[in-house]
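Number 266 in numbering that gives the first Met the number 0 belongs to position 267 of the sequence shown; there are no gaps in the numbering. Note that CB positions come from ideal geometry on N, CA and C, so glycine has one too.
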Amino acid sequence: MFSYRGPVVTVVMDGVGIRQSEEGNAVKLAYTPVLDRLFQNYKHTSLKAHGTAVGLPTDDDMGNSEVGHNAIGAGAVYSQGAKLVNESIESGNMFRAKGWTEIIANVRKNDSTLHFIGLFSDGNVHSHINHLKAMISQAKEEKVGRVRIHILLDGRDVGETSALDYVCPFEEFLNGIRSDSFDVRIASGGGRMNITMDRYEADWSMVERGWNTHVLGEGRQFDTAQHAIETYRDETGCIDQDLPPFVIADENGPVGTVEDGDSVIFFNFRGDRALEISRAFEDKDLNTFSRKRFPDVCYAGMLQYDGDLGIPSRFLVEPPSISNTMGELLAKNGIPQLAVAETQKFGHVTYFWNGNRSGKFSEELETYIEVKSDVVPFEQRPWMKAAEVTDALISEIKSGKYKYVRVNFANGDMVGHTGNLAAARIAVETVDLCLSRILPVIDALGGMAIITADHGNADEMYEIKKGKVVLSKDGTPKAKTAHTLNPVPCIFYDNTENKDKYTVKDGNFGLSNIAASVVKLLGIDKPEGWDESIIESV
């Protein structure tokens, strides 16, 4: 049985994966004396953080922060967003369920428009374009007369300037399905980091811009989405995720405003960037921005993005039922817990960690600290709020009241998404510097740390195909803004008398194996159904 005078601390270096090649690898190229020392002197292994190991359909699917933190906190693998939706569409259950049937019935009753809003790519992190196509085809089969699509350009989970690789084939798909009785068109759009997809209430102005674009049809008008994208690229040089909003219009004006009696589906399956726009459509009393006009619509999300708060009230696919999470188990065993992160990842160490559950399991035993993120481009401030997160963490654990602590450093992921290698190196170096401050405090308190990550990102800042870096037209490496398929580190930092009482087992482990390791170190038996511990007693 292990016993620690101080806390067991899980440090999540968000977006810091393991890859041997230095080319485009901000993790390898960064100056990281602390991480280098940890890998040399402490027990460690690598963990799978993508694909089936985190509940995604195939091992070609990159991991993400949502499913990664779900897996760490749950101690087991659950079918996640994309896989759930795939199964529901393939079985036909989605189209028989209450959410879809109410959406369709409303359109038929009012002879109104069915709108789809969501992330427009096959990145499979927040959404998948095939889900959208399946729903459009089903709408035609069910005699819906008019459909409008509002596209949020990706360039983050897919290539940074790949929008037309989706728009052009999609227009061909629409041309093939359109008929005299089925009017279907793209109606508006814009970059995902410019409009609509804010999260954790970091920047409600993004949602306001999206509302004005999708609902009101306000903004710069174009005849096609392709024309809008090409024009904005020429004028701004922005990558897809940052492109300004646009409205598709014809001689009569905007082709797809949202009106009373319409139905609206937000087709993202991941919840963090879907909550605010869902509230905007459902909460009549919302005052975070002026909606100018609040149409009476039948609204649904792909999933229910927050089960405790019931957001949205109507949804197409049941989310995974995750129970008996690490947070709940520790609360039941009287273990005081601390969770710290900046706004960009606060929901990951709380809501996602707790199995898509809002709130605490115990007000008495749990403390959650959110450090407000800056609203600036991450490449311009790659250190983000890591220092303040570290300050808050150290201040709290010095109180001596916590036995388990979790902290997220968002830098490797958020800066990695910008595609800026120089900035990503600074981001990784920032996290390393923060570790240099935290670890001595853990030593002084008689605790230990498990240092890991939820998925890769900063470890692969260039697009790579068949082992070679892809070059842009100007001969420079093409920036990669998506997550990676690389494993992540899992280091057991322990200078207590317990360090020689356990060893890292041989085997292939994933993020879900962390929970059993944590509770073993805390002297608690893992529940039935959890995956095995990474460590074993010697």
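- With a 10 Å radius around the Cβ and a threshold of 16 neighbouring Cβ atoms, E527 comes out exposed.
- Spanning the alpha carbons of K504 and T366 requires a straight line of approximately 32 Å.
- Under the 8 Å Cβ criterion, the segment 323-330 does not count as touching the segment 76-86, having fewer than three qualifying pairs.
- Between the alpha carbons of G144 and N174 lies a distance of about 15 Å.
- When rounded, the separation of the alpha-carbon atoms in G54 and G474 is 38 Å.
- Counting along the chain, the unbroken alpha helix (DSSP H) around M205 starts and ends at 203-213.
- In terms of Cα proximity to T349, the closest of M61, V430, N211, V11 is V11.
- Under the DSSP assignment, A29 falls outside any alpha helix (DSSP H); it carries neither an H nor an E label.
- Counting only the Cα atoms, I534 lies some 43 Å from R313.
- Counting C-beta atoms within 10 angstroms of its own C-beta, R292 has fewer than 16 neighbours from the protein chains shown and is therefore classed as exposed.
- Straight-line measurement puts the Cα of S180 at about 21 Å from the Cα of E250.
- Its chain contains G522 as the residues whose beta carbon lies nearer than 8 Å to that of M0, once the 5 sequence neighbours on both sides are disregarded; these appear in chain order.
- When rounded, the separation of the alpha-carbon atoms in L438 and I103 is 56 Å.
- Across the structure, T31 and D164 are spaced so that their CA atoms are roughly 38 Å apart.
- Of all C-beta pairs linking the segment 479-499 to the segment 44-58, three or more are shorter than 8 Å, placing the two stretches in contact.
- Pairing D390 with D373, the inter-Cα distance amounts to about 16 Å.
- Shown here, R269 sits in coil according to DSSP, grouped into three states, outside any helix or strand.
- Sixteen is the threshold: since fewer than 16 other Cβ atoms of the shown chains lie within 10 Å of the Cβ of K465, the residue is exposed.
- Nearest C-alpha to A386 among E428, G14, H347, H213: E428.
- Fewer than three beta-carbon pairs drawn from the segment 114-122 and the segment 82-96 are found closer than 8 Å, and the two stretches are therefore not classed as touching.
- With distances taken between CA atoms, H130 lies nearest to G91 out of S161, V8, G91.
- The segment 287-302 makes no contact with the segment 232-247; the number of CB pairs closer than 8 Å stays below 3.
- V468 places its beta carbon less than 7 Å from that of P476.
- Taken in chain order, the unbroken stretches of alpha helix (DSSP H) that lie wholly in the segment 316-397 and span 4 residues or more are 325-331, 342-346, 385-396.
- DSSP places D499 in the helix class (H, G or I) of the three-state scheme.
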